[in-house]
Structures are given as C-alpha cells and as structure tokens.
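All letters in the sequence shown, in the order written, are residues 79 to 310 by our numbering.
We put the beta carbon where it would ideally sit given N, CA and C, even for glycine.
In what follows, a single structure is set out as structure tokens and then discussed.
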Amino acid sequence: IADDKQILASLEQYLLVNSFNISNGLAGSLTLTQLIHLYSLSRVAGNEYQTPYCIEAEKILFQLMNRTNWDLFFPRIHKAAITWLFQQDGLTIPLSQQLLNSCRRYNRLHAIDRGSIDEMSEVHIIGELVKSGDNSAARLLVFLVKRLVELNQEDEATAVIDVMTAIINMFPFASNQFLLNGIGDSIHNVYHAADFSPRILLSCSLLFFNLLRPANPQLLSDQTAWLSITIK
79 IADDKQILAS LEQYLLVNSF NISNGLAGSL TLTQLIHLYS LSRVAGNEYQ
129 TPYCIEAEKI LFQLMNRTNW DLFFPRIHKA AITWLFQQDG LTIPLSQQLL
179 NSCRRYNRLH AIDRGSIDEM SEVHIIGELV KSGDNSAARL LVFLVKRLVE
229 LNQEDEATAV IDVMTAIINM FPFASNQFLL NGIGDSIHNV YHAADFSPRI
279 LLSCSLLFFN LLRPANPQLL SDQTAWLSIT IK
C-alpha cells in the first residue's frame, strides 16, 4: 500500500512540475502515453485502498490528453488501467479519437492481411470493454458512427462499423450494449440517406445481421428504428 501511495504521489508531482514541457511536446508522445498508463493503474490501486489523490494533477493529465498526441494502445495497456480511463467523465473527445484511430488501423491492415495480431489485440481489448458494460466504450463507438454519418465521413464511419461487427463476432452479447446505446438509430440514418455508397450499406447490413442473432429481443422491440430498418 505504501508503495502504491508513493508511486501515485510521484506521478502527481511529475505532472504538476512538467505539464508545460509535456503540453509543448518536449517530453514526447511516448512519455505521455506511459504516464497515462501508469497514472491510471495507480488510481485503480488507490481506489482499492481509498488512497487520496491530487485533483489538480488529474485535471492537468486530462487536459494533456485532450490537447496532445498520444497512443492509448502503445505500449500495451493494462486492462484495469484502460477500464478506469473509460469510466472517467471529461474524456469523451480524446478517447473517441483513440477509438477512431484504432478502427482506422484495424481496417487498413485488415484489408491487406486480414488483420495483424496487434490490431486484433486492440479490437479484442475494446470488445472486452464493450462487453463488460461498466464503461463508456460502447457509447463512444455509437457516438462516433452517429457523428461521422452526420459529417458525411463515409470511410471513417465504415471503419467504426466494421470494428463493431468484429467485436460482436468475438463477444456476441456485446450487441446488447450497442443496442442500449442507440446503434439502431445510426444504422437507420445510413439506410435512409441518399448519398451513401454500397460499401457502407454492406457494412451496415453485416452489422445489422450480426446484431440480430445474439441480441435481447426486448431491446429490439423497444426501439422503433429496427422496424424501419427491417422494412428497408
């Protein structure tokens, strides 16, 4: 316990002293990523033992996450740390961007060699988050689809939709989390748009049928968008 407290205190002190250097890129994106990983893991340990933490240091870290470049998945992040991050308010923008980056990588490499081990590992980690339902991962993926469709960014939206399908193939009951967060409305919007290509329509159809198989029937009956999608 004493070691956990000391590690958290050291990280907080580092943030308070070096926030300017980090925000101006002097420390490097890898340093920031490692700092995010270590801090998140330390906060998880601190919560277990009700260790007090510095609100100002955490605020600085969240601001850095919103303003600077970093990579959530490099190096490999501990499951407890990433779960803690996706349970925090105020990180919608940076975590959405990290999810989008991962979807881009997965689809780019998947098109070449059916997905590398590293990219599949990223999707597996995201899928575990979605399946657990105790964090914002499913909500943010649905938010990304909705927003990208609204912005007519078809390739980006397709990348996210394809990752959602991959997640359901790994964890079938993750479909319930997507349904609870309104994916039906996003699919409905794609089907009823006039200017989307067959590529995204095919991706939506694959997601649609993969959602239907394991989904809770009550969730489907509670959402009117699914009737319209089925008719379409």
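Considered as a whole, the region 202–255 harbours 215–228, 232–248 as its complete alpha helix (DSSP H) runs of no fewer than 4 residues, in chain order.
Just so you know, the alpha carbons of Leu110 and Ser88 end up roughly 15 Å apart. Annotation for Tyr269: the continuous alpha helix (DSSP H) segment containing it runs 261–269. Annotation: the continuous alpha helix (DSSP H) that includes Ser120 extends over 107–126. Scanning its chain for C-beta atoms nearer than 7 Å, with the 5 sequence neighbours on each side dropped, one finds around Ile171 the residues Asn144, in chain order. In this structure, DSSP gives Trp148 a state outside helix and strand, which the three-state scheme calls coil. If you check the CB distance, Ile114 and Thr146 do not come in under 8 Å. The residue among Leu93, Phe98, Tyr117, Trp148 with its C-alpha nearest the C-alpha of Ala159 is Tyr117. Ser180 places its beta carbon less than 8 Å from that of Phe151. Residue burial annotation: Gln176 is buried, with at least 16 other C-beta atoms found within 10 angstroms of its C-beta. When the Cα atoms are used, Asp149 and Leu119 turn out to be separated by approximately 16 Å.
For Thr170, the secondary structure class from DSSP, reduced to helix, strand or coil, is helix. Between Ala216 and Gln166, the gap from beta carbon to beta carbon reaches 8 Å or more. By the 16-neighbour rule on beta-carbons within 10 angstroms, Tyr127 is exposed. Between the beta-carbon of Leu163 and that of Leu178 there is about 16 Å, and that puts the pair past the 8 Å contact cut.
Shown here, Phe140 sits in a helix according to DSSP, grouped into three states. Excluding its 5 nearest sequence neighbours in each direction, Ser97 has C-beta neighbours in its own chain below 6 Å: Ile138, listed in chain order.
Scanning His188, Glu136, Leu142, Val122 for the CA closest to the CA of Gly106 turns up Leu142. The residue among Met248, Asn247, Ile245, Phe221 with its C-alpha nearest the C-alpha of Ala235 is Phe221. The three-state reading of DSSP puts Ile160 in helix, counting H, G and I together. Here the alpha carbon of Asp233 sits roughly 20 Å from the alpha carbon of Asn288. The three-state reading of DSSP puts Phe274 in coil, since its state is none of H, G, I, E or B. Its Cα nearest to that of Gly124, the residue Leu86 stands out among Leu86, Val95, Val208, Glu200.
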